[in-house]
Structure formats: C-alpha cells, structure tokens
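Respectively, the protein sequence lines represent chains R and W. Note that the working numbering gives residue 134 to position 134 of the first sequence, counting from 1, and the numbers run on in steps of one. Note that the working numbering gives residue 438 to position 177 of the second sequence, counting from 1, and the numbers run on in steps of one. Following: one structure in structure tokens, then a few remarks.
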Amino acid sequence: MSLRIVVCVKYVPDATGDRHFAEDLTVDRDDVDGLLSELDEYAVEQALQIKEAADDAEITVLTVGPEDASDALRKALSMGADKAVHVDDDDLHGTDALGTSLVLAKAIEHTGYDLVVCGMASTDGTMGVLPALLAERLGVPQVTQLSEVSVEGGTVKGRRDGDTATEQLEASLPAVVSVTDQSGEARYPSFKGIMAAKKKPVEELDLDDLEIDADEVGLEGAWTKVDEAAERPARTAGTIVKDEGEGGKQLAEFLAGQKFI
Amino acid sequence: MAEILVYVDHVDGAVRKPTLELLTLARRIGEPVAVHLGAGADTAAPVLAEHGAVKVLTADAPEFAEYLVAPKVDALQAAYDAVSPAAVLVPSSAEGKEIAARLAVRIGSGIITDAVDLEAGDEGPVATQSVFAASFTTKSRVSKGTPVITVKPNSAAPEAAPAAGTVEQLAVTVADSSKGTKIVSRTPRESTGRPELTEAAIVVSGGRGVNGAENFPVIEALADSLGAAVGASRAAVDAGWYPHTNQVGQTGKSVSPQLYIAAGISGAIQHRAGMQTSKTIVAINKDSEAPIFDLVDYGVVGDLFDVVPALTEEVKARKG
Ligand SMILES: Cc1cc2nc3c(=O)[nH]c(=O)nc-3n(C[C@H](O)[C@H](O)[C@H](O)COP(=O)(O)OP(=O)(O)OC[C@H]3O[C@@H](n4cnc5c(N)ncnc54)[C@H](O)[C@@H]3O)c2cc1C
Ligand SMILES: Nc1ncnc2c1ncn2[C@@H]1O[C@H](COP(=O)(O)O)[C@@H](O)[C@H]1O
Chain R
1 MSLRIVVCVK YVPDATGDRH FAEDLTVDRD DVDGLLSELD EYAVEQALQI KEAADDAEIT
61 VLTVGPEDAS DALRKALSMG ADKAVHVDDD DLHGTDALGT SLVLAKAIEH TGYDLVVCGM
121 ASTDGTMGVL PALLAERLGV PQVTQLSEVS VEGGTVKGRR DGDTATEQLE ASLPAVVSVT
181 DQSGEARYPS FKGIMAAKKK PVEELDLDDL EIDADEVGLE GAWTKVDEAA ERPARTAGTI
241 VKDEGEGGKQ LAEFLAGQKF I
Chain W
262 MAEILVYVDH VDGAVRKPTL ELLTLARRIG EPVAVHLGAG ADTAAPVLAE HGAVKVLTAD
322 APEFAEYLVA PKVDALQAAY DAVSPAAVLV PSSAEGKEIA ARLAVRIGSG IITDAVDLEA
382 GDEGPVATQS VFAASFTTKS RVSKGTPVIT VKPNSAAPEA APAAGTVEQL AVTVADSSKG
442 TKIVSRTPRE STGRPELTEA AIVVSGGRGV NGAENFPVIE ALADSLGAAV GASRAAVDAG
502 WYPHTNQVGQ TGKSVSPQLY IAAGISGAIQ HRAGMQTSKT IVAINKDSEA PIFDLVDYGV
562 VGDLFDVVPA LTEEVKARKG
C-alpha cells in the first residue's frame, strides 16, 4: 500500500526584500517577490528522503495562498514531489493561523494522507504553530520540531532538540511532523526536475470544494485582529571607531559609561 | 477581578524567569492563576505567590513526561474549565507555543504568539509584537474567544507582588488520544554554568569570523568576564564550531538582552531577526561595510582576535 505524504508549503515574501504591511494591515504581497518559504524546503527534502526509503510512496505538496503561490508548488514539484494541491479563494485574504489550519486540515483530509510534513515555521509569520494546530484538528499524533526523521512500517520516529533536552519520539501513522533546518540541506531542482514539474498535476480547490463557510476565514472571520503596524524607527546611528590598538579599551569605556561594567 | 491563567515553565519546580515576567504582565490585565504541571509544585508555589499568583493549580501525571505536548494541553484545558479565565498566557518556547496553539483550537479562541508586551485594552488585552525581523511593531488582540497569548522572554521586568498563592490540586485525565507521540528517551542538556541564552541580561555572540571551534574560548572568556550567555550565528553553528542550542536568529533563539555583543558576525536579516530588539548593540567586525554596523550603538572596526581579548582584560581589570 502506498504511503501518502502531504507536505504543507507556504508562499512567502522574500525575507531579504523590503517587507511591509498593506493598508488593511495584512502582509503586503505585491511589492516584494514571493517564494517557497526556505524553511519548507527542508520539509520537501525530508519527504523526498522518506519516499526514497519507502517501497511505494506518493508526495503531494499543498499550499493555501494566492494565485502566485503556485510558484512555491512548482518549486516543490521540481525538487521531486509528485503532485500538488492549491487552495485559492478570494475570501481567504487575511486568514489567520487558526483559519489557515482549518483550511489546511480540510484540504489534507480531501487529499488523503498517512503522513503530513511541515516546516518548523513560516519565514513571514514565524509562528511555528501550524503543525500543532493541524495535529489537533486532524486528531492525529504531533511529532514536531524534528532534526531527524524516518518512517518504518507505519511508525514515524524522530529526534527533537528541545530547549532543555533532546528527545527521541515515536508515533504510529497517520501523523503530523515538522522538521527544522537542522534536518539536512534541501536539494536543488535539477534541469530534468524543472522540466518534469511542468507536466505534474496541480489540483485547484476553493472554499466550496472544501465545504468551508467564507465567514470562518478571511480578515472578517479571523480570530485575531491587528490594530496597528508601525515601522520600527531606524536605530540612531551609533559611534563607530577603527581599532588602532585601542579598540578594546574604547569599547570598555563605552560599556562602563552604560553601566555594564 | 478577572482571572488570568499563567502556564508555568519550570525545571523540577525551579521557576524560569520568563514565567515571573508573565505574572507581572498578567497583573496588568487581571489576577494571575498559575498552572504548574509536573514535579516540584511545593518549591514553585512560594515563588509564584511572591510574584502575584493568587492561586497555583497543580497536577502531576507520568504522562507529562511519557508523551509529547498533548497531555499538557489536557491539563491546561482542565485548568481553563475550572477557572474560566479572561486570558491564558504561556511562555513563548517551542513547546509553549504548541501547547497554546492546541488549547486555542479546543476552546475556539484566537492565538497570538511571541508578544513582547501586553497591556489592558477596551476590547481585551493588547499584545505588542515585533515582526518582519523586528522591522515592524504591531499591536493586535484576539477577537474571538478567550485570548491565548504566548509571550517572549525579557518582555517585562519581574516584579514582586505578594499574593496568596493557594495551592490547589487539579484533577486531570489524560485522554487516550493525547498519548499518540511517545517520548522514547530524553537526554537533558548539560548545563554550561552560564546564564540561559534567552534570559540573559548580556549575550556575547560569535560568527564565522571566529574561524574555528578552537577559537570560541575567546568569545567565552569575554562572556564570562561579563557574566553573559554565549550565542553563535548560524554560519558558526553549521560549521560545527558551537552547538545549535546557542544559535541566535530566525531558526535559533530570539534574544532581547540589555546588551548584545556580536563578534565576527555580518548581520544577515535572519540573524537580526533574533537580536534586533536588544537594548544596546555592540559589534566587532573587520569589515567596516558589514550590515551589523547599521544596528550598533557602538562598533569597532577591527580584528576580533585583537579587540575581544583586549576588552576581556579591560573588563576584568575594571571589575577588579
Ligand atoms: C531560512 C534561513 C534561516 C536562517 N536562520 C539563521 C539564524 O537563525 N541565525 C543566523 O545567524 N543566521 C541564520 N541564517 C543564515 C544567515 O543568512 C547568514 O548566512 C548567517 O547569519 C551568517 O553568519 P555570520 O555573520 O557569522 O557569517 P558571515 O556572513 O560570513 O559573516 C562573517 C563576518 O565576520 C567578519 N570577520 C571575519 N573575520 C573576522 C575577524 N578576524 N575579526 C572580525 N571580524 C571578522 C567578516 O567581515 C564578516 O562580516 C538563516 C538563513 C536562512 C536562509
Ligand atoms: N498557507 C500555508 N499553506 C501551506 N502550508 C502552510 C501555510 N502556512 C503555514 N504552513 C505550514 O506550517 C508551517 C508552520 O507555519 P507557521 O505556524 O505559520 O509558522 C510551515 O512551515 C508550513 O509547512
């Protein structure tokens, strides 16, 4: 029986671009180039490795996002995923974490799954909560923040490097996992992969297809509200000295002046 | 007055500082009720009371250590049902956020993560967040359900505010469905004797410029002279020079100390994401064009192998 893997990938504004907010205080996605969240490349990579180790597995990459988010899916397909699901609906604009988890959970159930693989956090929202939210909604084990992961005969195993300890975890499938950037470099798409990706199927879904009410999602349906967003004032220019042999002393002088020593 | 649930982060009853900060913030919006799970409630309760907890709800069950996250959510939910609080505050650790998230789904509430400040508002608590690698500051609130908010370390100064801190046992039944992820083994991290990175008042970090694990003692010596924690950039961690637990940045720890010293770190956006809210920033870098200098209060353009040891000597001399 084939192992059905769903990888959740997010399309995010490039972190090295000049990110800001739109007038309605949602993340502005027009002025900064978007891309597949770098942290989700690790999720795609681990899914590919799990597939390579399995007898028979199929990887579906899933995104909830605007039309352009198909770029993120294409990238994941060119890395080697088999097919894609894109949930796109105008009513999704402004959806928050709880809403996104609702849509993702429905889309995952619609697709069918044994294993869901997520990144550790999205590079724009950086909440790191979606995998836990999904496990809760799907009612399956949460095996998250893994720096190592493997699947053998219906069991997923992994290593979680927590704040105070390293834990070895184990759960039966179906399960939701998330992997960190310590799990291993993601591969680059090959030319062959990029060509092949163009022919791979992308299923488009909207809220009706998933039987979700528009008022459960979007800016209006959000469980949280952003009232203000202000650019952080640039730090006032500091003092910069060139070390001519006295740099350490000068720095000590500054630190003493600030009462750090 | 409305009660505010505060989830206690502790190691066998030794309450970690971010929890005390949470109690301080909780008092701005109501009366803190602490939830202490696992061993050591007797040790923790007086400390929690000292910082304003009117009540300490406690539960210990083997499942908390045997299975990942979900049993703790069952317990926090039991506390929620018992108290009907006006808000739930949880420390922003990786686990704290996961616990908070699952509780939010269960009680049908919105969640805000990584708040750096919290105040009372007309429509419920208002959380300040620092977003896009700390280039924006937002104010948000939960608009549906009971606010569930996770708060970053160093968001407030813990204040003493003695309260009753009455200890009450919480009856918790861990659901079978919460026993899905088994913790097969657990290896506690060895203590370095230095302050915890996220809680430290001073952090000294080294980057690629440190040029080898064998040179990190240069950074450690400065840190020790200042009583600081040691951090590292991802480049230094990826090279295997320093443990990942010490990484500062987007995929490492986010720190907000009184003083952050970056040595041999260029200041990439992902590194800045984890340190930009530090109060005072100092950098030592031999490249005067390094972006880290845009952030500094004081910068020295020079070789860290000259400047850092000289600084360490000077600090030691001044401290006597
Ligand atoms: C998804 C993602 C997540 C990431 N997460 C993180 C993260 O959490 N934390 C993080 O730090 N990075 C992170 N990065 C990596 C980040 O983009 C940078 O690559 C990294 O921060 C660079 O580390 P560095 O400053 O030590 O190295 P470099 O950029 O190579 O800079 C080294 C600096 O040292 C200086 N130098 C060299 N020798 C000396 C000397 N003898 N004396 C003084 N100065 C010297 C050089 O002038 C240079 O400025 C992430 C990247 C991605 C894509
Ligand atoms: N809109 C989305 N579409 C698909 N996957 C997502 C989306 N948002 C978040 N995820 C997944 O959830 C992980 C954690 O995201 P977050 O909780 O937003 O930091 C990401 O690394 C993705 O794997």
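Where a beta carbon is used, it is the ideal one built from N, C-alpha and C, also for glycine.
Margin query: Could you give the first and the last residue of the continuous alpha helix (DSSP H) run that contains W:L364?
Written below: Taking the second sequence and counting its residues from 1, one reaches residue 364 of chain W at position 103. If you look at W:L364, you'll find it in the alpha helix (DSSP H) that goes 355-368.
Item checked: Within chain R, the residues that W:I373 reaches when beta carbons sit closer than 7 Å -> Along the second sequence, read from residue 1 onward, the residue named residue 373 of chain W stands at position 112. Within 7 Å Cβ-Cβ: T224.
Notebook entry, point to check: Buried or exposed: W:A571, going by 16 or more other Cβ atoms within 10 Å of its Cβ?
Noted result: Position 310 of the second sequence, counted from the first residue, corresponds to residue 571 of chain W. Classification of W:A571: buried, given that the 10 Å Cβ count is 16 or more.
Notebook entry, point to check: In the structure shown, what three-state DSSP assignment does W:L556 receive?
Noted result: For this step, residue 556 of chain W is matched to residue 295 along the second sequence. Note: W:L556 maps to coil in three-state DSSP.
Check: So, are the CB atoms of W:L318 and W:V267 less than 8 Å apart?
Finding: The count along the second sequence starts at 1 and reaches residue 318 of chain W at position 57. The count along the second sequence starts at 1 and reaches residue 267 of chain W at position 6. It is not a contact, given that the beta carbons lie outside the stated cut-off.
Check: Going along chain W, which residues have a C-beta under 7 Å from R:Q182?
Finding: By one-based count along the first sequence, residue 182 of chain R stands at place 182. Within 7 Å Cβ-Cβ: H505.
Checklist line | Endpoints, beta strand (DSSP E) assigned at W:F397 | finding: Against the second sequence, residue 397 of chain W aligns to sequence position 136. Per DSSP, W:F397 belongs to the beta strand (DSSP E) from 397-403.
Checklist line | Whole-angstrom distance between W:R402 and W:L487, CA atom to CA atom | finding: Looking up residue 487 of chain W in the second sequence gives position 226. Looking up residue 402 of chain W in the second sequence gives position 141. W:L487 and W:R402: Cα-Cα distance of roughly 38 Å.
Notebook entry, point to check: Where does W:A534 fall in DSSP's three states?
Noted result: To locate residue 534 of chain W, count along the second sequence from 1; it is residue 273. W:A534 sits in coil when the DSSP states are folded into three classes, being neither helix nor strand.
Note to self: At the 8 Å Cβ level, is W:Y268 part of the contact set with chain R, yes or no?
What the structure shows: On the second sequence, residue 268 of chain W is found 7 positions in, with the first residue counted as 1. No, its Cβ sits nowhere closer than 8 Å to a Cβ of chain R.
Check: Name the DSSP beta bridge partners of R:G84, please?
Finding: Walking along the first sequence from the start, residue 84 of chain R turns up at place 84. According to the sequence as given, residue 84 of chain R is Ala; it is not Gly. Paired residue(s): R:V61, R:V202.
Margin query: Going by the DSSP bridge assignment, what does R:D161 pair with across the sheet?
Written below: One-based indexing of the first sequence puts residue 161 of chain R at position 161. According to the DSSP secondary-structure assignment, R:D161 is paired through a beta bridge with R:T166.
Check: Taking 7 Å as the cut-off, is the CB of R:E38 close to at least one heavy atom of ligand 1?
Finding: For the purposes of this step, residue 38 of chain R is taken as the residue at position 38 of the first sequence. Remark: the C-beta of R:E38 is in contact range of ligand 1, defined as less than 7 Å to any heavy atom.
Note to self: Would you call the region 160-170 of chain R in contact with the region 11-21 of chain R, where contact means no fewer than 3 C-beta pairs closer than 8 Å?
What the structure shows: Touching, no, given that fewer than three Cβ pairs across the two stretches are closer than 8 Å.
Notebook entry, point to check: Taking a cut of 8 Å between CB atoms, which residues from the region 13-43 of chain R lie near chain B?
Noted result: Considering every chain present, this structure includes no chain B. Its protein chains are R and W.
Checklist line | Per-residue contacts from R:R232 into chain W (C-beta, under 7 Å) | finding: In the first sequence, counting from the first residue as 1, residue 232 of chain R sits at position 232. What R:R232 touches in chain W: A395, S396, F397, T398.
Check: Can you tell which of W:V576, W:A534, W:G468 has the C-alpha that lies nearest to the C-alpha of R:F260?
Finding: As a first step, residue 260 of chain R is located in the first sequence; it is residue number 260 there, counting from the start. Checked all of W:V576, W:A534, W:G468; the closest Cα to R:F260 is W:V576.
Item checked: Burial state of R:E41, where buried means 16 or more other Cβ atoms lie within 10 Å -> Position 41 of the first sequence, counted from the start, is the residue given in the question as residue 41 of chain R. Flag for R:E41 reads buried.
Checklist line | W:Q430 burial status per 10 Å Cβ neighbour count (16 or more: buried) | finding: As a position in the second sequence, residue 430 of chain W is number 169, starting the count at 1. So W:Q430 ends up on the exposed side.
Next item on the list: Spell out the partners DSSP gives R:K242 in its beta bridges.
Entry: In the first sequence, counting from the first residue as 1, residue 242 of chain R sits at position 242. W:V562.
Check: Can you tell which of W:P423, W:A362, W:A339 has its C-alpha closest to the C-alpha of R:V129?
Finding: On the first sequence, residue 129 of chain R is found 129 positions in, with the first residue counted as 1. Check the Cα spacing between R:V129 and each of W:P423, W:A362, W:A339: the tightest is with W:A362.
Notebook entry, point to check: Just to confirm, does R:L115 get its C-beta within under 7 Å of one of the non-hydrogen atoms of ligand 2?
Noted result: Indexing the first sequence from 1 puts residue 115 of chain R at position 115. Proximity of the beta carbon of R:L115 to ligand 2 is not indicated: no heavy atom of the ligand is located closer than 7 Å.
Notebook entry, point to check: With burial defined as no fewer than 16 other Cβ atoms inside 10 Å of the residue's Cβ, what is the status of R:F191: buried or exposed?
Noted result: Here residue 191 of chain R is taken as the residue at index 191 of the first sequence, counted from 1. The residue is exposed, with fewer than 16 neighbouring Cβ atoms inside 10 Å.
Next item on the list: Quick one: residues in its chain with C-beta nearer than 7 Å to the C-beta of W:K514, no 5 flanking neighbours on either side, listed in chain order?
Entry: By one-based count along the second sequence, residue 514 of chain W stands at place 253. Hits under 7 Å: L458, T459, Q508, G535.
Notebook entry, point to check: Taking just the CA atoms, how far does R:A57 sit from W:S345?
Noted result: The residue you call residue 345 of chain W lines up with position 84 of the second sequence. The residue you call residue 57 of chain R lines up with position 57 of the first sequence. For the pair W:S345 and R:A57, the Cα-to-Cα distance works out to about 46 Å.
Check: Any idea what DSSP makes of W:N546, helix, strand or coil?
Finding: Residue 546 of chain W sits at position 285 when you count from the first residue of the second sequence. DSSP places W:N546 in the strand class (E or B) of the three-state scheme.
Note to self: Does the distance between the C-beta of W:Q508 and the nearest non-hydrogen atom of ligand 1 fall short of 7 Å?
What the structure shows: To locate residue 508 of chain W, count along the second sequence from 1; it is residue 247. Yes, since a heavy atom of ligand 1 falls inside the 7 Å radius drawn around the Cβ of W:Q508.
Check: Counting only runs that start and end within the region 293-343 of chain W, where is the beta strand (DSSP E) found for 3 or more residues in a row?
Finding: Taking only runs of at least 3 residues, the beta strand (DSSP E) segments lying wholly in the region 293-343 of chain W are 316-320.
Notebook entry, point to check: Are the CB atoms of W:S370 and W:V409 nearer to each other than 8 Å?
Noted result: For the purposes of this step, residue 370 of chain W is taken as the residue at position 109 of the second sequence. For the purposes of this step, residue 409 of chain W is taken as the residue at position 148 of the second sequence. Yes; because the gap between Cβ atoms is below 8 Å, this pair is in contact.
Note to self: Please report the distance separating the alpha-carbon of W:Y583 from that of W:L520.
What the structure shows: This structure cannot speak to residue 583 of chain W, because chain W is shown only from 262 to 581.
Check: Hey, would you say R:L210 sits closer than 8 Å to R:T26, going by beta carbons?
Finding: Counted from its first residue, the first sequence places residue 210 of chain R at position 210. Counted from its first residue, the first sequence places residue 26 of chain R at position 26. Their beta carbons are not under 8 Å apart, which means R:L210 does not touch R:T26 by this criterion.
Check: Does any CB atom of chain W fall closer than 8 Å to the CB of R:R74?
Finding: Taking the first residue of the first sequence as position 1, residue 74 of chain R is located at position 74. Interface with chain W (8 Å Cβ-Cβ cutoff): R:R74 is excluded.
Next item on the list: Please list, in chain order, all residues of the same chain as R:L35 whose beta carbon is under 6 Å from its beta carbon, the five residues on each side excluded.
Entry: Here residue 35 of chain R refers to the residue found at position 35 when the first sequence is read from its first residue. Scanning its chain for C-beta atoms nearer than 6 Å, with the 5 sequence neighbours on each side dropped, one finds around R:L35 the residues D14, in chain order.
Margin query: Mapping the DSSP letters down to three states, classify W:A484 as helix, strand or coil.
Written below: Here residue 484 of chain W refers to the residue found at position 223 when the second sequence is read from its first residue. DSSP, read as helix, strand or coil, puts W:A484 in helix.
Note to self: Along the region 541-552 of chain W, where does the CB come closer than 8 Å to a CB of chain R? Name the residues.
What the structure shows: Residues passing the 8 Å Cβ filter: T541, I542, V543, I545, S549.
Notebook entry, point to check: In chain W, which residues lie less than 9 Å from R:R137 when you measure between Cβ atoms?
Noted result: As a working note, residue 137 of chain R is residue 137 in the first sequence. Residues of chain W passing the Cβ test: V366.
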